[in-house]
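Novice:
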Amino acid sequence: MAKGESKVIMRHGRVYGIANLINRGAGLILLPVYTHVLTPAEFGLYASIVIVTDILSVILGMGLGRALVRLHVEQQDEAGRGAVLGTALAAYAGMSLLIALLAYPASLIASRHLFGLEGETWVFAWAILGLIPSTLFNLQLNYIIVLKRSGFYLFISIVKAVLLTALSLWLVVLLNKGVFGIVIATLIGSTAVSLIILIDMYRTTSMSLSRPILAELLRFGSPLVPTIMLDTIQSSLDRYVIGSLQGSSALGNYGLGLRITSLLNLFVTAPFMQIWGVRQLEVLQAGDENRELPQIFFRFMLTLIGLSVGISIFSDEVIRLIASEAYAPAASVLPWLACVQVLAALRSYGELGLHYAKKTSPLIGISLTSLLIGAPIYWIVALKFGIVAIASVCAGVMLVRTGLTLLWADRHSSLVRMFPWYSFTAATAVAAVCVTGTFLLPADANLLEILAAKIGILMAFFAAALALLWRAERASWDSSALSSRWWWAGRRIEREV
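Numbering (the working numbering), first residue to last: 478 to 974.
(1) Could you check where the alpha helix (DSSP H) with ILE863 kicks off and where it finishes?
(2) Enumerate, from N- to C-terminal direction, the unbroken beta strand (DSSP E) stretches of 3 or more residues contained entirely within the segment 574–640.
(3) Measuring CA to CA, which of ALA662, CYS816 and ILE635 is closest to LEU646?
(4) In this structure, does DSSP put THR682 in helix, strand or coil?
(5) Please determine, among ALA556, LEU566, ALA580 and ALA565, the residue with the shortest C-alpha to C-alpha distance to ILE526.
(6) Given a cut-off of 9 Å on the beta-carbon distance, is the pair MET778 and VAL817 in contact?
(7) Put ILE495 into one of helix, strand or coil per three-state DSSP.
(8) Kindly indicate which residue of ALA852, LEU831 and GLY842 has the alpha-carbon position closest to the one of LEU888.
(9) Just tell me which of TYR630, LEU925 and LEU935 has its CA closest to the CA of VAL915.
(10) Check whether the Cβ atoms of LEU848 and ILE719 sit closer than 9 Å, and answer yes or no.
(11) Could I get the ranges of all uninterrupted alpha helix (DSSP H) runs contained in the segment 879–962, with 4 residues as the minimum, in chain order?
(12) Is the beta carbon of VAL670 sitting closer than 9 Å to the one on ILE633?
(13) May I have the straight-line CA-CA distance separating ARG547 from LEU761, to the nearest angstrom?
(14) In chain order, what residues of the same chain have a beta carbon less than 7 Å from the beta carbon of GLN552, not counting five sequence neighbours either side?
(15) Please confirm whether LEU770 and GLN751 have their CB atoms less than 9 Å apart.
(16) Considering Cα atoms alone, identify which of ALA821, ALA941 and ILE586 is closest to THR746.
(17) Along the chain, where does the alpha helix (DSSP H) containing THR738 start, and where does it finish?
(18) Between ALA424 and LEU884, what straight-line distance do the alpha-carbon atoms span, to the nearest angstrom?
(19) If distances are taken between C-alpha atoms only, which option among TYR826, PHE939, VAL786 and ILE659 comes closest to LEU811?
(20) Among residues of its own chain, excluding the 5 on either side of ALA496, which ones have a beta-carbon nearer than 6 Å to its beta-carbon?
(21) Let's see if you can read the secondary structure: which residues bound the alpha helix (DSSP H) around THR822?
(22) In this structure, how does DSSP classify PHE777 when only helix, strand and coil are distinguished?
(23) Is the separation between the beta-carbon of LEU728 and that of GLY521 shorter than 9 Å?
(24) Just to confirm, is the Cβ distance from PHE697 to ALA544 under 9 Å?
(25) Report the residue from ILE532, ALA909 and ALA565 whose alpha carbon sits nearest the alpha carbon of GLY783.
(26) Which same chain residues, not among the five before or five after ALA524, have their C-beta less than 6 Å away from its C-beta?
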């Protein structure tokens, strides 16, 4: 059974990983192009646009992607699945019309009043219009994933990557259109691939509309909208504060660090969760609460932590490799932002159990609490310190959000109590020691000595991680005899032996 689940997840996860590598590979290839063509100030403008589009994409998406996956798992026949898809697309079409009408007014407010940028309103407007096909594309990917059509997912990823790369090189490099070229390339590329997927959906699925399903979609997705909105505002607040108080150049350096660490989500977390999350929902729906899938998630977390440690240890080398000397300060924020990615992945583990239990409403309170804690701290830190301090605050706020989410999930889901917390805690402690040790290396050492020491530290972490994995997979579990209570949650959680 364990090997069977691992094979299913590895088979689809490998394809999704390759697809995401190709799909996002365009951005990875173009990142050093952008950092050599655009100045830090121009990259800061691009980061400002991303803040606005990230927030509006939450309103546009309405939580339909997660709701579609959850309701699709419940359907017993093709008619029900077709009704879920058709109703979700119809709801999205209505919201898209509203966003299109509000694109220019929203751009005017964002460019002039939020960021103090003159003459950039239409760039923001085109970026908001580009949200419609790009968010539709993400919604369509959720449907492809729930069907486990990893081959088609790979095909469409190749098409998008080729289009985006060609259009970006043409507009940004050859025509020298700068940030506007990035926006238009994204708009055209997303529109093309969305149309291809729509044609495939029309040919393979008998779609229909259903009022009960619409009500269920909104009932499940609506609580997620303010939650995701608050999360998006929270994740954008650090960039907004930096741009407002420290300038576009500082925002450009911070944005580059954020872009690099977000690759962990794009190439590692996202492809894993795409198949593991669906499979875990199916297992829970069948009433089976085995520990195999949580154990697989632990292996994934060890991998993610290891990659984060690698990025943190070689932060200076990473920045020198992909960017000009003007972006050197970006290296200092990589360890903290990599930590954020690890915590965000762990939070997704708890959220999955809440999605199955349909207990998503309290997530609004968790997000609001995190925002109220983080907002004043961001402003105070930005006024007195640099981008490194802001990145550390970002990691602290994510720790609070993750902790609160897991505590709430423990009340409604058995997933939290199935996770090997002792081994995970030990792995994070070893990671922290390794990264800290890197910063204690002597500054007067030559390059080869520093590289050798960094490689040795990284190998030491992986050796410790393998030992922890061996221990976790050979631990015995006894929920009745070996349970304890989290003193801050009052809930039972099982321990490893």
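The C-beta atom is built at its ideal place from N, Cα and C for all residues, glycine as well.
Specialist: Let me lay it out:
(1) Going by the sequence as given, residue 863 is Gly instead of Ile. Element bounds for GLY863: n/a, residue is neither H nor E.
(2) If we require 3 residues or more, the segment 574–640 turns out to have no beta strand (DSSP E) run fully inside it.
(3) Per the Cα distances, ALA662.
(4) Of the three classes helix, strand and coil, the one that applies to THR682 here is coil, per DSSP.
(5) Of all alpha-carbon atoms in ALA556, LEU566, ALA580 and ALA565, the one lying nearest the alpha-carbon of ILE526 is that of ALA580.
(6) Contact flag unset, no.
(7) Under the three-state reduction of DSSP, ILE495 is assigned to helix.
(8) A quick correction: the sequence has Arg, not Leu, at residue 888. If we check each option's Cα against that of ARG888, LEU831 comes out closest.
(9) Here residue 915 turns out to be Thr, not Val, going by the sequence shown. In terms of CA proximity to THR915, LEU935 leads the group TYR630, LEU925 and LEU935.
(10) In this structure, the beta-carbon distance from LEU848 to ILE719 does not fall below 9 Å.
(11) For the segment 879–962, the continuous alpha helix (DSSP H) assignments of 4+ residues that do not extend past its boundaries occur at 892–895, 898–916 and 924–950, in sequence order.
(12) For the pair VAL670 and ILE633, the CB atoms are nearer than the 9 Å cut-off.
(13) Cα to Cα, the separation comes out at about 12 Å.
(14) Within its own chain, the residues whose Cβ lies closer than 7 Å to the Cβ of GLN552, once the five positions on either side in sequence are excluded, are ARG558 and VAL561, listed in chain order.
(15) No, these two residues do not count as a Cβ contact at 9 Å.
(16) Selected option, being the one with the closest Cα: ALA821.
(17) If you look at THR738, you'll find it in the alpha helix (DSSP H) that goes 725–741.
(18) This structure does not reach residue 424, given that the chain is present from 478 up to 974, and the question cannot be answered.
(19) If we check each option's Cα against that of LEU811, VAL786 comes out closest.
(20) Residues TYR630, LEU631 and SER634 of the same chain have their beta carbon placed closer than 6 Å to that of ALA496, with the five preceding and five following residues left out of the count.
(21) Note that residue 822 is Ala in the sequence shown here, rather than Thr. From DSSP, the alpha helix (DSSP H) with ALA822 extends over 811–834.
(22) Looking at PHE777 - three-state DSSP - the assignment turns out to be helix.
(23) Inclusion of LEU728 and GLY521 in the CB contact set at 9 Å is warranted, their separation being smaller than that value.
(24) In this structure, ALA544 lies closer than 9 Å to PHE697 by Cβ.
(25) Nearest of ILE532, ALA909 and ALA565 to GLY783, Cα basis: ALA909.
(26) Residues ARG716, LEU728 and GLY732 of the same chain have their beta carbon placed closer than 6 Å to that of ALA524, with the five preceding and five following residues left out of the count.
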